[in-house]
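Undergrad: Next up is a structure, given as structure tokens.
Protein chains: 2
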Amino acid sequence: MRSESKKDMDKLEEARNRFISEIAKNIHLYNITPSAGRLYGTVFFSKEPMTLDEMSKEMGMSKTSMSTGIRSLLEANMVERVWERGIRKDLYKVEDDWYKSFSNVFINRWRNATELNMDAIQETKEMLHNLIEQTEDEDVKELAEHDLEKLVYAENYYNWLTDVIALFETGEIFDIVPKNTEKHE
Amino acid sequence: MRSESKKDMDKLEEARNRFISEIAKNIHLYNITPSAGRLYGTVFFSKEPMTLDEMSKEMGMSKTSMSTGIRSLLEANMVERVWERGIRKDLYKVEDDWYKSFSNVFINRWRNATELNMDAIQETKEMLHNLIEQTEDEDVKELAEHDLEKLVYAENYYNWLTDVIALFETGEIFDIVPKNTEKHE
DNA sequence: AAGTTTGTTCAGTAAAAACTGTACAAAGTT
DNA sequence: AACTTTGTACAGTTTTTACTGAACAAACTT
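As you go down the protein sequences, you meet chains A and B in turn.
Using the working numbering, the first residue of the first sequence is number 1, and each one after it goes up by one.
Using the working numbering, the first residue of the second sequence is number 1, and each one after it goes up by one.
See below:
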């Protein structure tokens with residue numbers, strides 16, 4: 001290999017690294033660690049699907065870390081496992097529909113939180129209703145009623161959020177904001 | 001105070017705690033620590049705006065933690081400072097427009113990440129263009145061109161995301177998904 | 001001006017999370 | 001059946017993050 005090519009290959013690495021580092025910095029929005037973010041970037045630029053061993057070598061990190069990193073990326077639907085005839089090792093490539101990746105993450109995370117919060121609201125409301133019914137302490141009663149109002153507000157908010165999430169779930173969002181946006185003029 | 005009232009007050013605390021604990025569990029979606037989430041819940045149920053000292057006492061944590069916790073909530077627009085005549089201490093209450101809170105968090109976090117990523121894409125593209133122009137290594141050239149294609153795709157995706165974010169920024173989202181949703185039937 | 005009250009900075013500590021190497025189980029190869 | 005290869009569980013270590021108390025600065029009170 002000529003030293004010239006070597007230098008050019010380094011420049012390519014450098015360019016890729018500029019983008020990978022930025023991904024690593026912002027990936028926490030997907031609840032993914034920076035190093036799993038670098039892993040994502042590495043697989044993103046790879047021409048072929050990668051094995052855990054290749055990732056390990058490329059990243060200079062343990063295979064164990066690759067395994068856990070890839071799993072978190074898989075769970076976020078940002079990476080997928082692919083099969084290739086004659087290859088025993090697991091192969092991974094990035095999910096190539098980024099719109100889908102984003103939607104998946106957005107939906108899963110917010111819907112999950114929303115459901116749990118709504119359950120909590122229902123339970124709390126019930127506890128407060130019971131308390132109001134049985135208490136003889138007027139102050140407590142008043143406080144509980146005040147709390148109930150706040151919870152009803154919260155409930156409405158979560159209903160709204162559920163509807164927003166549904167935009168992404170149904171794909172309706174792509175009617176509102178079309179996918180094939182060309183570069184803004 | 002009668003022992004009966006004491007027990008009822010405990011029950012109120014218990015009910016509130018059910019909701020507060022759930023918030024604490026899911027607040028990481030806003031990049032906020034669980035304990036700052038509990039703090040939010042505490043202020044949420046308080047009838048009056050609270051001081052740092054009151055929070056400290058209520059939460060059984062240091063005032064320093066209250067200070068940093070409140071700051072993170074302030075930055076997320078989830079809490080606001082209020083003024084009351086004759087009171088020297090800083091008073092805080094929860095931002096009572098949750099739709100606004102959500103939008104703020106959503107907008108700030110995603111727009112910021114999107115801008116940084118788009119900057120990185122521009123820079124990386126430039127680096128790759130330069131490399132393609134000057135390299136004599138055909139393999140490197142091919143790889144760089146391949147990378148460029150991927151970056152163009154990413155660019156389109158971020159344009160789309162920018163438009164989605166704009167729905168929330170402009171408030172257009174409330175035309176699409178109306179706020180005053182009554183409880184789903 | 002001296003004395004308080006109040007919030008924050010900072011250094012040290014405690015708790016949590018990320019990473020590694022070893023050991024092992026499952027599946028493939030001989 | 002013995003041997004390899006491959007991915008993951010687990011225990012220990014390192015790194016990062018959260019929390020605290022002491023010291024301090026700014027603003028208010030006397």
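Beta carbons: idealized from backbone N, C-alpha and C, even for Gly.
1) So what does DSSP say about R71 (chain B), is it helix, strand or coil?
2) Hey, would you say F44 (chain A) sits closer than 8 Å to V94 (chain A), going by beta carbons?
3) Can you name, in chain order, every residue of its own chain whose Cβ lies under 8 Å from the Cβ of S67 (chain B), other than the five neighbours on each side?
4) For chain B, check one thing: does any of its Cβ atoms lie closer than 8 Å to the Cβ of E185 (chain A)?
5) Taking only three categories from DSSP, how would you classify E48 (chain B)?
6) Rounded to whole angstroms, what's the CA-CA distance from Q134 (chain B) to A15 (chain A)? Just pull it up for me.
7) What does a CB cutoff of less than 8 Å around I32 (chain B) pick up in its chain, not counting 5 residues either side in sequence?
8) How would you label R38 (chain B), buried or exposed, when you count the other beta carbons within 10 angstroms and need 16 or more for buried?
9) Is the beta carbon of I107 (chain B) closer than 8 Å to that of I27 (chain B)?
10) Is there at least one Cβ from chain B nearer than 8 Å to V164 (chain A)'s Cβ?
11) Check each residue of the segment 75-88 of chain B: if its Cβ is closer than 9 Å to any Cβ of chain A, include it; give the result in chain order.
12) Quick check: the segment 153-173 of chain A against the segment 111-126 of chain A, are at least 3 beta-carbon pairs closer than 8 Å?
13) Might you give, ordered along the chain, the residues of its own chain that have their beta carbon closer than 7 Å to the beta carbon of R111 (chain A), omitting 5 neighbours on each side?
14) Which word fits E172 (chain A), buried or exposed, when buried means at least 16 other C-beta atoms lie within 10 angstroms of its C-beta?
15) Which residues, taken in chain order from the segment 111-125 of chain B, show a beta carbon closer than 7 Å to some beta carbon of chain A?
16) Do you know how far the Cα of S103 (chain B) is from the Cα of E169 (chain B)?
17) Can you look up R88 (chain A) in the DSSP assignment and give me helix, strand or coil?
18) Which whole-angstrom value describes the C-beta separation of V177 (chain A) and L167 (chain B), a residue pair presumed to lie in contact below a C-beta threshold of 8 Å?
19) What residue from A:D175, A:M50 and A:K141 has the CA that sits closest to D10 (chain B)'s CA?
20) Should T64 (chain A) be labelled buried (16 or more other beta-carbon atoms within 10 Å of its own) or exposed?
21) Taking C-beta to C-beta, are Y157 (chain B) and Y99 (chain A) nearer than 8 Å?
22) When the Cα of L148 (chain A) is compared with those of B:S46, B:K57 and B:L29, which residue comes out closest?
23) Cβ closer than 7 Å: which chain B residues qualify as neighbours of N26 (chain A)?
24) Rounded to the nearest angstrom, what separates E136 (chain B) and R85 (chain A) at their Cα positions?
25) Can you grab the Cα-Cα spacing for the pair G69 (chain A) / K179 (chain B), in whole Å?
26) Can you tell me which of A:M50, A:K7, A:K125 and A:S21 puts its alpha carbon nearest to the alpha carbon of R88 (chain A)?
27) Hey, out of A:H129, A:I20, A:E155 and A:V105, whose CA is closest to M187 (chain A)'s CA?
28) At the 8 Å Cβ level, is R38 (chain A) part of the contact set with chain B, yes or no?
29) In chain order, what residues of the same chain lie with their CB nearer than 6 Å to the CB of E155 (chain B), ignoring the 5 residues before and after it?
30) Shorter than 8 Å from the beta carbon of I32 (chain B) to some beta carbon of chain A?
31) From which residue to which residue does the alpha helix (DSSP H) around V105 (chain A) run?
32) Would you list the one or two residues that DSSP bridges to V79 (chain B)?
33) Are the C-beta of I107 (chain B) and some C-beta of chain A separated by less than 8 Å?
34) Using only CA atoms, which one of B:M61, B:D8, B:L151 and B:D96 lies nearest to M127 (chain B)?
35) Determine, using beta carbons only, whether R18 (chain A) and T124 (chain B) come nearer to each other than 8 Å.
TA: Working from what's here:
1) R71 (chain B) falls in the helix class under three-state DSSP.
2) yes
3) Closer than 8 Å at the Cβ level, and outside the excluded window around S67 (chain B), lie L52.
4) Here the model assigns E185 (chain A) a pLDDT of 44, short of 50, so the residue's position is not dependable, and the following value carries that caveat. False, the Cβ-Cβ gap to chain B never drops below 8 Å.
5) coil
6) Here the C-alpha atom of Q134 (chain B) lies approximately 14 Å from the C-alpha atom of A15 (chain A).
7) The residues are Y40, S72, L73, A76 and M78.
8) buried
9) no
10) Interface residue, yes.
11) none
12) yes
13) I165
14) exposed
15) A113, L116, N117, A120, I121, E123 and T124
16) 7 Å
17) coil
18) 7 Å
19) That would be A:K141, whose Cα lies nearest to the Cα of D10 (chain B).
20) exposed
21) yes
22) Selected option, being the one with the closest Cα: B:S46.
23) A113, L116 and N117
24) 35 Å
25) Going from the Cα of G69 (chain A) to the Cα of K179 (chain B) covers about 39 Å.
26) Considering only alpha carbons, the answer is A:M50.
27) Outside the shown range of chain A (1 to 185) lies residue 187 (chain A), about which nothing can therefore be said.
28) Not an interface residue.
29) Beyond the five residues adjoining it in sequence on each side, E155 (chain B) comes within less than 6 Å, by CB distance, of I121 in the same chain, given in chain order.
30) The C-beta of I32 (chain B) comes no closer than 8 Å to any C-beta of chain A.
31) Looking at the DSSP string, the run of the alpha helix (DSSP H) that includes V105 (chain A) is W98 to Q134.
32) Under DSSP, V79 (chain B) shares a beta bridge with B:V94.
33) no
34) B:L151
35) The answer is yes: Cβ separation under 8 Å.
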